[in-house]
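Q: Letter by letter, the sequence shown follows residues 11 to 535 of my numbering.
Encoded as C-alpha cells, here's the structure I'll be asking about.
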Amino acid sequence: MADRQRALLLGAIALGALALRLSHQWRWALWGSDSGEYLFLTAALVGDGTLLQDGYLGWGRAYSWFQGMQILAASAALLCGTPLPNTLFWLIPAAGALAVPALFLAGRRFVSSDAVLVGCGCYAVAFPVVYANSHAMPGGLADPLGLLLVYAFVGLLTAPRRWAPPFGVLLLGLLLVHHFTLLLAIAGCTGMLALETAAGSRRRAPYFALATAAALTTLYWVGYAAGFRTSILDDTGLPLGALLGAPLVVLGAVRLIAPHLPLPAIPAPRRPARLFLGAFLASLLIIGYGVVYDVPGTSIPVGPEAVPFLLPPLGWLALAAAPGLVLAQRGGWLLYGWALPIMGLAAVGGLTGSHLLIAYRHAPYLLAPLALMAGAGFVALLRMQACPRRPRFAAGFAAILLCGVLTAYPPAAVMGGFQEGTTNAELGCVLWTGQVEPGALIVSDHRLSSLTFGIAERNASWENGAEAITAPEVVREVGTPAAGTQPVGYVLLSDEVRAGVALLQWEAAQPLSAEAAAKFDSATY
11 MADRQRALLL
21 GAIALGALAL
31 RLSHQWRWAL
41 WGSDSGEYLF
51 LTAALVGDGT
61 LLQDGYLGWG
71 RAYSWFQGMQ
81 ILAASAALLC
91 GTPLPNTLFW
101 LIPAAGALAV
111 PALFLAGRRF
121 VSSDAVLVGC
131 GCYAVAFPVV
141 YANSHAMPGG
151 LADPLGLLLV
161 YAFVGLLTAP
171 RRWAPPFGVL
181 LLGLLLVHHF
191 TLLLAIAGCT
201 GMLALETAAG
211 SRRRAPYFAL
221 ATAAALTTLY
231 WVGYAAGFRT
241 SILDDTGLPL
251 GALLGAPLVV
261 LGAVRLIAPH
271 LPLPAIPAPR
281 RPARLFLGAF
291 LASLLIIGYG
301 VVYDVPGTSI
311 PVGPEAVPFL
321 LPPLGWLALA
331 AAPGLVLAQR
341 GGWLLYGWAL
351 PIMGLAAVGG
361 LTGSHLLIAY
371 RHAPYLLAPL
381 ALMAGAGFVA
391 LLRMQACPRR
401 PRFAAGFAAI
411 LLCGVLTAYP
421 PAAVMGGFQE
431 GTTNAELGCV
441 LWTGQVEPGA
451 LIVSDHRLSS
461 LTFGIAERNA
471 SWENGAEAIT
481 APEVVREVGT
491 PAAGTQPVGY
501 VLLSDEVRAG
511 VALLQWEAAQ
521 PLSAEAAAKF
531 DSATY
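Put into C-alpha cells, the structure is as follows:
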C-alpha cells in the first residue's frame, strides 16, 4: 500500500472514530455518569479561576486534584466564547478520538504500517474503548497522551537525548490529567524496558527516565494531591513507604534480573488460521465463565444478551493469538513488554477483588497493544492467501469491524444495568432541583446525583442514598460522601433509575423492587 493510500485510510479511520464517539450526542441530552461533577469543577475555573480542592463536597475525591481536562475545557470556552457545557461535552470526546492517530504513531515502532492501520481500525470500534472514552472524562483525554508517552519512550530506548524532552512533557500532561492512565502507561514502559534489557541493551537513560517519572509522580500524588492520597492511596491497605519504594524496587529488579531472561525464538505458525479459530473458541469459554461467575473483581454478571456485543472484538482479538507472527515484527518483544504488565495488574485486581484495580477498567488500555498484535496477525494471514482470495478475507474483516461499529454502545442491560445516557425528562428534573431550598439533600443513584450536584448545585447522596431508595421502609437520614449525615430532602427517580439503581461501580445496578417502589407512592413522598 502506498504512503498516500495509508494516509487517506488513517484519516478515514480517525474521522470514523470521531463520529462514533460523538454519535450519542444526538440520542441523549447528556452522556456520562460523572458529567455533573466535571462540569461543576470546570465551571468553578471559568467563574473565578478556582481549582476546587480542599473542602470539595463531590463524590470523586480525586477529581479535584487532577484537573488537566477541566483546565483545557475552561481555557477553550474562554478563548472561543463557546458555552461551557457544549465545550466540555464535545471537545473532550473529540480530543480523545486523537488516540487513533496516536496509536498509529506508536504502533509503527512495533509492527509494519499495514498492520498498524488494521490495528487502528480495531481500536477505533472496540466497544470497551468507545464506551469508556466517548464522554467528557479525564481518561478519554489521557488516552492519546498515554499512547504518545509509549511512543516517546520507545524512541528514548534508542535515542535518549532526542526523546527525553517529549517524554517529560507528556509525563507532566498525564500527571495533571489522569492518574490511572499514567499508572498503566508507566507500567507498560517498565515492561518494555525489561525486555529491551533482556535483548542486550545496557543503556542507563531509560532507567533514569522512569526513576524520574516515579519521583515526580510520588511528589504529585503524595506531596500535593492530599485528597488523592487520603482517599485512594490509603485505601490500598499498604504502608505509604511501601508504595513509595515499590517503583524503585521494580526498576532495580529489572536492572538485575532482566539481563538473564531468555527471549526464545518462536517460529511463525504455518497455518495460523487454525490457531486463530482455537483462540476465538477459547474466548467463548471465557465469556461462559463470566456468565456463571460474574466479571472478575465485581459482582456484575455477563448475561447471554452480552454475547452479540462481545463477538466483534473477540473476532479480531483472536488474530492476536500467534506469538510467532508478532515476534516476527521489528518490535514484537517490546509489544509484549507493553501488554504484559497491564495484563498482570488486571489479574491482580481480578484475583484480589480490589476496588482500585478493577479488572474491567484495564480493558481499554490493554486493547491498544492487542489491536497492534491483531493487525500483525491479519496482515500475515492475508499475505498467506492466494491473490483471488484476498478480497474475500478483507471483506470478512471489514464486516467484523462494521459489526463493532453497530455494537459500540451496548444497552444498560449488557453493561450491568449501568446507564450512561440522561434523557431530556431526567435533565428537566435535575434542573428543577436547582429551584428547591438551598441545603436540601437530593437522594438518587450515582448518575443523577452527579448531575444534581454539578448542574443544580445541590448536595447529593450518590451510593450513600442506597438505603433511602432500595429499602422497603421510609429512611429519613442518609450519609453523604463529604457533608456528613443529613435529612433526606427529595428523592429523584426516573424510569431509567427504576430499571437499574446504579450505586457502586463494582456492583450491578439492580432494578428497584416493588416493595421499595411502593413507599414512594405513600403520603411521605
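Idealized CB from N, CA, C, for every residue including glycine.
Pull up the distance between the alpha-carbon of Arg37 and that of Ala83, whole angstroms please.
A: Rounded to the nearest angstrom, the two C-alpha atoms are 23 Å apart.
Q: Tyr133 lies in the alpha helix (DSSP H); which residues open and close that run?
A: Looking at the DSSP string, the run of the alpha helix (DSSP H) that includes Tyr133 is Ser123 to Val135.
Q: As a quick exercise: from Gly65, Met147 and Gly131, pick the residue whose alpha carbon is nearest that of Ile6.
A: Residue 6 lies beyond the stretch modelled for the chain, which goes from 11 to 535, so this question has no answer here.
Q: Could you tell me if the beta carbon of Thr443 falls within a distance shorter than 7 Å of some heavy atom in the ligand ZN?
A: In terms of ligand content, the structure shown is empty, and the ligand ZN therefore cannot be addressed.
Q: Between which two residues does the alpha helix (DSSP H) holding Gly325 run?
A: First-last of the alpha helix (DSSP H) with Gly325: Val317 to Leu327.
Q: Once you ignore the five residues that flank Trp41 on each side, which residues in its own chain have a CB closer than 8 Å to its CB?
A: Cβ neighbours of Trp41 beyond the five flanking positions: His34, Gln35, Phe99, Ser144, His145, Glu430, Gly431 and Thr432.
Q: What residues in its chain sit with their C-beta under 7 Å from that of Pro351, if we drop five residues either side in the sequence?
A: Excluding positions up to five away in sequence, the list reads Ala197, Gly198, Thr200 and Gly201.
Q: Identify which residue in Trp472, Ser504 and Phe76 has its Cα closest to the Cα of Leu513.
A: Looking at the Cα atoms, Trp472 is the closest of the given residues.
Q: Classify Tyr500 as helix, strand or coil using the three-state DSSP reduction.
A: Here Tyr500 sits in strand by DSSP.
Q: Is DSSP giving Gln395 helix, strand or coil here?
A: Coil at Gln395, not helix or strand.
Q: Hey, quick one: how far does the beta strand (DSSP E) through Ile538 stretch, first residue to last?
A: The structure shown does not extend to residue 538, since the chain is modelled only from 11 through 535, so no value can be given for it.
Q: Are there 16 or more other CB atoms within 10 angstroms of the CB of Ser459, so buried, or fewer, so exposed?
A: Per the 10 Å Cβ criterion, buried.
Q: Relative to the C-alpha of Ala256, which residue among Phe286, Ala236, Leu151 and Ala225 is closest?
A: Nearest C-alpha to Ala256: Ala225.
Q: Pull the bridge partners of Val488 from the DSSP assignment, please.
A: DSSP output for Val488 lists Gln496 as bridge partner(s).
Q: Tell me, which residues are paired with Ala470 by DSSP?
A: Looking at the DSSP assignment, Ala470 forms a beta bridge with Ile452.
Q: State whether the segment 317-326 contacts the segment 409-424, with contact taken as three or more CB pairs (one from each stretch) at a distance under 8 Å.
A: Judged by Cβ distances under 8 Å, the segment 317-326 makes contact with the segment 409-424, as three or more pairs qualify.
Q: If we ignore side chains and look at the alpha-carbon of each, how far apart do Leu108 and Leu186 end up?
A: Distance between the alpha carbons of Leu108 and Leu186: 18 Å.
Q: Using a Cβ-Cβ cut-off of 6 Å (strictly less than) and excluding sequence neighbours within five positions of Leu391, which residues of its own chain qualify?
A: Excluding sequence neighbours, Leu391 sits near Pro282.
Q: Per DSSP, which one or two residues make a beta bridge with Trp36?
A: Its beta-bridge partners do not exist; DSSP assigns none.
Q: Do Leu451 and Gly489 have their CB atoms nearer than 8 Å?
A: Not a contact, by the Cβ cut-off of 8 Å.
Q: Taking the Cβ atom as the reference point for each residue, do Gly149 and Phe190 lie within a distance shorter than 8 Å?
A: Their beta carbons are under 8 Å apart, which means Gly149 touches Phe190 by this criterion.
Q: Using the rule of at least 16 other Cβ atoms within 10 Å of the residue's Cβ for burial, across every protein chain shown, is Glu447 buried or exposed?
A: Exposed is the call here.
Q: Thinking Val440 and Ile465 are a contact (beta carbons under 8 Å), I'd like their distance in whole angstroms, please.
A: Going by Cβ atoms, the distance from Val440 to Ile465 rounds to 5 Å, so yes, they are a contact pair.
Q: By Cβ distance below 6 Å, which residues in the same chain neighbour Val501 in space, the five residues on each side in sequence not counted?
A: Cβ neighbours of Val501 beyond the five flanking positions: Val453.
Q: Which whole-angstrom value describes the C-beta separation of Thr246 and Leu366, a residue pair presumed to lie in contact below a C-beta threshold of 8 Å?
A: Between Leu366 and Thr246 the Cβ distance is about 6 Å, and since that is below 8 Å, they are a contact.
Q: Are the segment 201-214 and the segment 260-270 touching by the rule of at least three beta carbon pairs closer than 8 Å?
A: Yes, the segment 201-214 is in contact with the segment 260-270.
Q: Since I believe Leu254 is in contact with Val537 (beta carbons under 8 Å), could you give me their beta-carbon distance rounded to a whole number of angstroms?
A: Because the chain spans 11 through 535 in this model, residue 537 falls outside it and cannot be assessed.
Q: Whole alpha helix (DSSP H) runs in the segment 360-445 with 4 or more residues, listed along the chain?
A: The qualifying runs are 373-393, 400-416 and 434-443.
Q: Hey, could you find the ends of the alpha helix (DSSP H) Asp505 is sitting in?
A: Note, Asp505: alpha helix (DSSP H), Asp505 to Ala509.
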